[in-house]
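A.B. asks: Residue numbers (my numbering), protein chains in the order written: chain P, 179 to 461; chain H, 1483 to 1753; chain X, 128 to 558; chain C, 58 to 425.
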Ligand SMILES: Cc1cc2nc3c(=O)[nH]c(=O)nc-3n(C[C@H](O)[C@H](O)[C@H](O)COP(=O)(O)OP(=O)(O)OC[C@H]3O[C@@H](n4cnc5c(N)ncnc54)[C@H](O)[C@@H]3O)c2cc1C
Ligand code: SF4
Ligand code: SF4
Ligand code: SF4
């Protein structure tokens, strides 16, 4: 049916609910139709539209990496921050509850271009959600890539989710993990301040590096510009954007960013494509 | 023993008003019965339910605050409601009766009508509910309609706040494929500064919108007032356009007073 | 039960009336010492807002006096302004006004009978509770009410504060197919209405006869709605501008409200008064329906008000059907209006009774002064008179709850619309 | 071109009858509420004989002339857009079952066949742009179904308004593609050409007469003269680059003083495609309808992302409209999003004329 009506959701069931912080919840979803599970394939960086009955639909990145799709169980992890109408209600769902899912949509991270390169993943706040899947993928195919750095900044240290995950990655060979919090507590043993303050600590070989950015726009812009100063070519910087989305298939017009539709031309963009407008008020 | 009633409870309260907004409940037709399956109505005088101080999940409040007694009463309503929704122009902006706020004419009007004005304890101003207590959501319109009401109730029953509809009447006017009365007939339509929700009724009836849903998001009243002047309206007539059902809503209030003062200064220069 | 009992009944908030009012009853030594219907709707000063407003705005402003009978306010107002400006509405407009008005009678009466009054007779405190045991009756009421609302929408877009009426006629003539679409529904509703009349006639009603004066419009050709002369059962026949010769409003010292009296007497307006004066003008099918009930009008039993409402529902459906069947698009939906200075009067039959307006305009058609006498303030004196008499007949020895219910039943016969009344009614009169 | 055959004016009804026989609902220009609107047409006599239209910024008036022509008007507020992209429609329904599971129902239905008579060249061009938008990557089934059932009979325009500039955008006044049949109107009848196999088949069944070459030339000349009468134009050059190079131009603020951000311009524009979606649950809570409706870049929701409306002020909304329609559209669909119909000029309540704004913004000599 989905091929006929691109707006029609598929039914999914919440199989697990993980409370990450008081406002952030990861929902592990299973499409209830076996056929839909077989057909579903997505790349890191893509997103789904999650539909809550009677309430509405919102775009949420797919956190699970492709390894989840290889087996028949296909579980879709979505990490959601409760900010408004739909998300506040979504995070209240419990195992067994049903919702609608359509997707995957958009263009994910440029894994092909990252092949053989050092990859720096720089995220801020919940920007880590769309990036986690790509880290998983890099780790799964570890030998295909050079140095990997994972840089994450949060406002308050309690906002940091997936701490063990970062600690686990930090122990991997040739992998650097840098964390920053604007407001640390006594136990915080990482950097204090903005993510951009960490960029100088990167093991950066500009000519063979590719950076993937996700987070608030000012943070992405500052990071990208800093990376360029550090010698990275703008072409090797990629970032993931967010705009209002109603349809996710390029029809509703809401997600336009200049000439691009974030839903289908993005959400992951090459930096030069958005550099001009990023930060221009009103776009 | 009876099973406990787990339905969310609601109350409908009335303050200074014409009762028209509560009718959005009584005019629901079959949906009224469906609604009573899902919620327990604790207080709604017009429907025969009288328990004003019952603790409720949602209190709907119609009418403006215009007497000292009403001020005391709204505080009680607030205290006993988890979520308070003000319904209609009276409750959200003071309504038509807020016209008495304009020039502090209340006392003069009262004295003109009542033989024993000293017995009449009304306030000089008719004010919106949110002036006195915290309001969780406002449904604009004079009157609100059942469609808006159902949308708000459904959202709340789903555990989410209702959607605040702030677009302009013009959008709905075009969606319903009406012909613009300002462009074809030069009628001074308030659609371009007024909130949608009514379904663009006035243009559908060949007349100019009179702003009963209150100001929309980002209303450019100054430009519209200039346009009205271009259509031949005198400042006083422009002022009356803005100072009608929602005269106390800030955007309309201000636009009306500006037009009025232009009328006065013109009047002076005429002399 | 002893005669020396002191009874004090406070019904702090009257339920199932439009607007809010309260009743105070004090009985001492078997005598009614105090009986006061007070209305705590704050004044809203409509007559004053109208001053300085353009004639174009009047229908939109007066509609807001009452959300339940806005059509009535609009119709009395446009009639008055047309008189002031010397505009004669076309026959099409006059017919369509009747159709529009039929919608309001239908919705208001259906609402009153089913949601407000019937629970009294069937022993429920609300229609919501009643719906459990009498689902068909409640649904029938909601259907009739919805149909009335749709008739109003035809000309006004919405049933509360409709936007279609203007001085001279209507802003817009409805498309013929929309009118035609209502015909089958009106036809189907007639059976509902007939059954409703018979059902109402069969309900156990108190035998409660007393003499009172009925006041209503009367027209030589039909059951008067928005035309005709003002008649009374005491033999009066007046035009609207003669109102002040016989009617007087005053701020009664023992009451909280302005009252209207006819030659210093309380009087009744509303469905029962209309039927008492106009039963000879019921169209044959409605007259047959009435004949089958075995009840005769004029009636001196106030509890026949509900039956009168049911019959007026039948009448409204009958007339609406005829008007819809002969509907055609007019050349224009309103007469051109040239405002001028003048005085005009309007009177029409609101669902709750006669509604009288008077306006004085200036050269530009702006309102210099306005006076509005709504039905509820006219019935005010009559309600108290009726309460006192009816309670005595009922027997003051009944227990508090029974007395309270009886009072409420009596009051609800008038379907008092307190919102309408309020621009005349005071609040918190203390002495 | 070979001289097309001729349909005498009094036989136009035959065309309507053929279409009705073929199961079409005929839609054509009719007068309602002071404008030319596409409405159901039962009889050729319902067409607006002799009606012409005066349009200028913020103003639209009909004018009755004694011309016998039925297509002598310039366009009304509607294009073909509402016929393919409905202003408001249900997309699907979600139903909550007693066991907590959800079932989704499609709302795509078989569209009714509709034949539109009197289509303008600008609107055909706009339709083809909307086809590009809605029928590419993820075809919209609602649009597609309605489009499939649409038969289009164009009438080449001979009476452009003051607001029209289709000659400049290259989209009119002569309809070149996208129609099934096309008519060249003269006082006595129509020269008929076919533009599709369906049009050919229809043409073969019409009670036509052989066309007179000289009179056909005159008819064509009228269309060319109509083009020459148009006065408005867009700045030449690369508008996309020019607009995006002037995002800080003071003119945006000036126009914002006048603009009501009412969205009328986008609603009447035959190419604007923005829409929003909403959920309309029923009161029982089990059935919820997912709907979409026309939206506009002038509405607050258009640029909302949690907590902020990116385009709060009118200047940025107006700039979004112009930079998209006349600028980034080029990247998206290979051409400007404007077909020169002039509707946004006439139907703007305060008479803002985008062509004038574009000139002010793009053609001024940049101070160095
Ligand atoms: C490609 C993409 C991926 C995203 N991934 C995630 C993720 O993994 N986790 C997460 O928590 N959030 C993510 N977001 C943001 C998330 O979509 C918004 O937080 C969410 O839409 C807010 O909806 P709401 O109804 O709760 O908020 P409200 O403020 O009530 O918003 C009302 C409506 O506006 C729209 N809207 C509001 N904010 C946004 C937004 N930022 N983006 C798009 N539409 C919006 C939606 O239609 C929403 O329902 C993503 C956004 C995009 C575009
Ligand atoms: S009629 Fe009024 S609401 Fe409709 S488009 Fe014109 S100005 Fe806007
Ligand atoms: S931009 Fe204006 S002139 Fe161009 S197609 Fe749209 S409405 Fe017509
Ligand atoms: S340009 Fe005109 S039509 Fe468009 S939003 Fe502004 S005022 Fe409205």
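The C-beta atom is built at its ideal place from N, Cα and C for all residues, glycine as well.
What distance in whole Å lies between the Cβ atoms of residue 430 (chain P) and residue 421 (chain P), which are believed to be in contact at a cut-off of 8 Å?
C.D. replies: For the purposes of this step, residue 421 (chain P) is identified with residue 243 of the first chain, where counting begins at 1. For the purposes of this step, residue 430 (chain P) is identified with residue 252 of the first chain, where counting begins at 1. The Cβ separation is near 11 Å, so there is no contact.
A.B. asks: Under a Cβ-count criterion, where at least 16 other Cβ atoms within 10 Å of its own Cβ denotes burial, should residue 160 (chain C) be classed as buried or exposed?
C.D. replies: Numbered from its first residue, the fourth chain carries residue 160 (chain C) at position 103. Residue 160 (chain C) is exposed by the Cβ-count criterion.
A.B. asks: Got a sec? Which residues, its chain only, sit under 6 Å from residue 214 (chain P) by beta carbon, not counting five neighbours each side?
C.D. replies: The sequence position of residue 214 (chain P) within the first chain is 36, counting from 1. Contacts found: 188.
A.B. asks: Kindly list, in the order they appear in chain D, the residues whose Cβ is closer than 7 Å to that of residue 1664 (chain H).
C.D. replies: Looking for chain D here will not work: the only protein chains present are P, H, X and C.
A.B. asks: Excluding sequence positions up to five away, which residues of its chain have a Cβ less than 6 Å from the Cβ of residue 317 (chain P)?
C.D. replies: Within the first chain, residue 317 (chain P) is the residue found at index 139, counting from 1. Closer than 6 Å at Cβ, skipping near neighbours: no residue.
A.B. asks: Is residue 406 (chain C) near ligand 4, going by C-beta to nearest heavy atom under 7 Å?
C.D. replies: As a position in the fourth chain, residue 406 (chain C) is number 349, starting the count at 1. Flag set: Cβ of residue 406 (chain C) near ligand 4.
A.B. asks: Residue 1569 (chain H) and residue 1645 (chain H) - do their beta-carbons sit closer together than 8 Å?
C.D. replies: Translated into positions along the second chain, residue 1645 (chain H) becomes position 163. Translated into positions along the second chain, residue 1569 (chain H) becomes position 87. Contact: no.
A.B. asks: I'd like to confirm something about residue 1735 (chain H): is its beta-carbon nearer than 7 Å to some heavy atom of ligand 6, or not?
C.D. replies: In terms of ligand content, the structure shown lacks ligand 6 and carries ligand 1, ligand 2, ligand 3 and ligand 4 instead.
A.B. asks: Kindly list, in the order they appear in chain C, the residues whose Cβ is closer than 9 Å to that of residue 233 (chain P).
C.D. replies: Along the first chain, one-based indexing puts residue 233 (chain P) at 55. Here the neighbours are 336, 338 and 345.
A.B. asks: For residue 411 (chain C), report the span of its alpha helix (DSSP H) as first-last.
C.D. replies: Here the question's residue 411 (chain C) lines up with position 354 in the fourth chain. Where residue 411 (chain C) is concerned, the enclosing alpha helix (DSSP H) stretches over 411-419.
A.B. asks: Specify the secondary structure class of residue 87 (chain C) as computed by DSSP and reduced to three states.
C.D. replies: As a working note, residue 87 (chain C) is residue 30 in the fourth chain. DSSP places residue 87 (chain C) in strand when its eight states are reduced to three.
A.B. asks: If you draw a straight line from the alpha carbon of residue 514 (chain X) to that of residue 96 (chain C), how long is it in whole angstroms?
C.D. replies: Here residue 514 (chain X) refers to the residue found at position 387 of the third chain. Here residue 96 (chain C) refers to the residue found at position 39 of the fourth chain. One C-alpha to the other measures close to 60 Å.
A.B. asks: Could you tell me how far apart the beta carbons of residue 1679 (chain H) and residue 1695 (chain H) are, in whole angstroms, since I believe they sit closer than 8 Å?
C.D. replies: One-based indexing of the second chain puts residue 1679 (chain H) at position 197. One-based indexing of the second chain puts residue 1695 (chain H) at position 213. Contact flag correct, Cβ pair sits at about 5 Å.
A.B. asks: Quick one: which residues of the region 1683-1711 of chain H get their C-beta closer than 8 Å to a C-beta of chain X? List them in chain order.
C.D. replies: From the region 1683-1711 of chain H, only 1683, 1684, 1686, 1687, 1688, 1689, 1692 and 1694 have a Cβ closer than 8 Å to chain X.
A.B. asks: How many Å lie between residue 73 (chain C) and residue 67 (chain C) at the Cα?
C.D. replies: Here residue 73 (chain C) is taken as the residue at index 16 of the fourth chain, counted from 1. Here residue 67 (chain C) is taken as the residue at index 10 of the fourth chain, counted from 1. The alpha-carbon atoms of residue 73 (chain C) and residue 67 (chain C) are separated by roughly 12 Å.
A.B. asks: Taking the alpha helix (DSSP H) that residue 498 (chain X) falls in, what are its first and last residues?
C.D. replies: Position 371 of the third chain, counting from 1, holds the residue named residue 498 (chain X). Where residue 498 (chain X) is concerned, there is no enclosing alpha helix (DSSP H), although the beta strand (DSSP E) it sits in stretches over 494-500.
A.B. asks: Closest by CA to residue 131 (chain C), which one among C:351, C:149, C:230 and C:75?
C.D. replies: Looking up residue 131 (chain C) in the fourth chain gives position 74. It is C:230 whose Cα lies nearest to the Cα of residue 131 (chain C).
A.B. asks: Can you find the residues in the same chain that come closer than 8 Å, C-beta to C-beta, to residue 377 (chain P), ignoring five residues on each side of it along the sequence?
C.D. replies: As a working note, residue 377 (chain P) is residue 199 in the first chain. Same-chain partners within the cutoff: 300, 329, 401, 404, 405 and 408.
A.B. asks: One question on the structure: do residue 1547 (chain H) and residue 1613 (chain H) come within less than 8 Å of each other, judged by their Cβ atoms?
C.D. replies: For the purposes of this step, residue 1547 (chain H) is taken as the residue at position 65 of the second chain. For the purposes of this step, residue 1613 (chain H) is taken as the residue at position 131 of the second chain. It is a contact, given that the beta carbons lie within the stated cut-off.
A.B. asks: Hey, residue 297 (chain C) and residue 373 (chain C): beta-carbon distance below 8 Å or not?
C.D. replies: In the fourth chain, the residue the question calls residue 297 (chain C) occupies position 240. In the fourth chain, the residue the question calls residue 373 (chain C) occupies position 316. No, these two residues do not count as a Cβ contact at 8 Å.
A.B. asks: Measure the alpha-carbon distance for residue 1503 (chain H) versus residue 194 (chain X) and round it to whole angstroms.
C.D. replies: Numbered from its first residue, the second chain carries residue 1503 (chain H) at position 21. Numbered from its first residue, the third chain carries residue 194 (chain X) at position 67. In a straight line, the C-alpha of residue 1503 (chain H) is about 7 Å away from that of residue 194 (chain X).
A.B. asks: Check the Cβ of residue 165 (chain C) against every Cβ in chain P and list those closer than 8 Å, keeping chain order.
C.D. replies: In the fourth chain, the residue the question calls residue 165 (chain C) occupies position 108. 182 and 183, listed in chain order.
A.B. asks: Output, in chain order, the set of chain H residues within a Cβ distance shorter than 8 Å of residue 267 (chain P).
C.D. replies: Position 89 of the first chain, counting from 1, holds the residue named residue 267 (chain P). By Cβ distance, chain H contributes 1640, 1641 and 1642.
A.B. asks: Measuring only the C-alpha atoms, how far is residue 443 (chain X) from residue 329 (chain X)?
C.D. replies: On the third chain, position 316 is the one that residue 443 (chain X) refers to. On the third chain, position 202 is the one that residue 329 (chain X) refers to. Their backbone Cα atoms lie some 22 Å apart in a straight line.
A.B. asks: I want to check one thing, is the minimum distance from the CB of residue 363 (chain C) to the heavy atoms of ligand 1 below 7 Å?
C.D. replies: As a first step, residue 363 (chain C) is located in the fourth chain; it is residue number 306 there, counting from the start. Under cutoff, so the answer is yes.
A.B. asks: Answer yes or no: does any C-beta atom of chain P fall closer than 8 Å to that of residue 1636 (chain H)?
C.D. replies: Numbered from 1 along the second chain, position 154 holds the residue referred to as residue 1636 (chain H). Output row for residue 1636 (chain H): interface = yes.
A.B. asks: Write down every uninterrupted run of the alpha helix (DSSP H) in the region 379-427 of chain X whose length is 4 residues or greater and which is fully enclosed by it, in chain order.
C.D. replies: As far as the region 379-427 of chain X is concerned, its whole alpha helix (DSSP H) runs of at least 4 residues are 398-405 and 411-420.
A.B. asks: How long is the line joining the alpha carbons of residue 313 (chain P) and residue 439 (chain P), rounded to whole angstroms?
C.D. replies: Walking along the first chain from the start, residue 313 (chain P) turns up at place 135. Walking along the first chain from the start, residue 439 (chain P) turns up at place 261. If you take the alpha carbons of residue 313 (chain P) and residue 439 (chain P), they lie about 25 Å apart.
A.B. asks: For residue 1633 (chain H), I'd like the list of residues in its chain whose CB is within less than 8 Å of its CB, leaving aside the five on either flank, ordered along the chain.
C.D. replies: Looking up residue 1633 (chain H) in the second chain gives position 151. Around residue 1633 (chain H): 1644 and 1645.
A.B. asks: By a C-beta neighbour count over all protein chains shown, 10 Å radius and 16 as the cutoff for buried, is residue 423 (chain P) buried or exposed?
C.D. replies: As a working note, residue 423 (chain P) is residue 245 in the first chain. It is buried - the Cβ of residue 423 (chain P) has at least 16 other Cβ atoms within 10 Å.
A.B. asks: With respect to 7 Å, is the separation between the Cβ of residue 416 (chain X) and the closest non-hydrogen atom of ligand 1 below this value?
C.D. replies: Residue numbering aside, residue 416 (chain X) sits at position 289 when the third chain is read from its first letter. Answer for residue 416 (chain X): no, Cβ out of range of ligand 1.
A.B. asks: Using a Cβ-Cβ distance under 8 Å, would residue 1730 (chain H) count as near chain X?
C.D. replies: Here residue 1730 (chain H) is taken as the residue at index 248 of the second chain, counted from 1. No, because no Cβ of chain X sits closer than 8 Å to the Cβ of residue 1730 (chain H).
A.B. asks: Measuring CA to CA, which of C:59, C:352, C:80 and C:85 is closest to residue 69 (chain C)?
C.D. replies: Here residue 69 (chain C) refers to the residue found at position 12 of the fourth chain. Residue C:85 is the option with its Cα nearest to residue 69 (chain C).
A.B. asks: Report, in whole angstroms, the separation of the C-beta atoms of residue 503 (chain X) and residue 479 (chain X), which I expect to be a contact under 8 Å.
C.D. replies: As a working note, residue 503 (chain X) is residue 376 in the third chain. As a working note, residue 479 (chain X) is residue 352 in the third chain. Indeed they touch by this definition, with Cβ atoms about 6 Å apart.
A.B. asks: Helix, strand or coil for residue 334 (chain X)? Go by DSSP, reduced to three states.
C.D. replies: Numbered from 1 along the third chain, position 207 holds the residue referred to as residue 334 (chain X). Note: residue 334 (chain X) maps to coil in three-state DSSP.
A.B. asks: Would you call residue 271 (chain P) buried or exposed, if buried means 16 or more other Cβ atoms sit within 10 Å of its Cβ?
C.D. replies: Translated into the one-based positions of the first chain, residue 271 (chain P) becomes position 93. Answer is buried; the Cβ neighbour count reaches 16.
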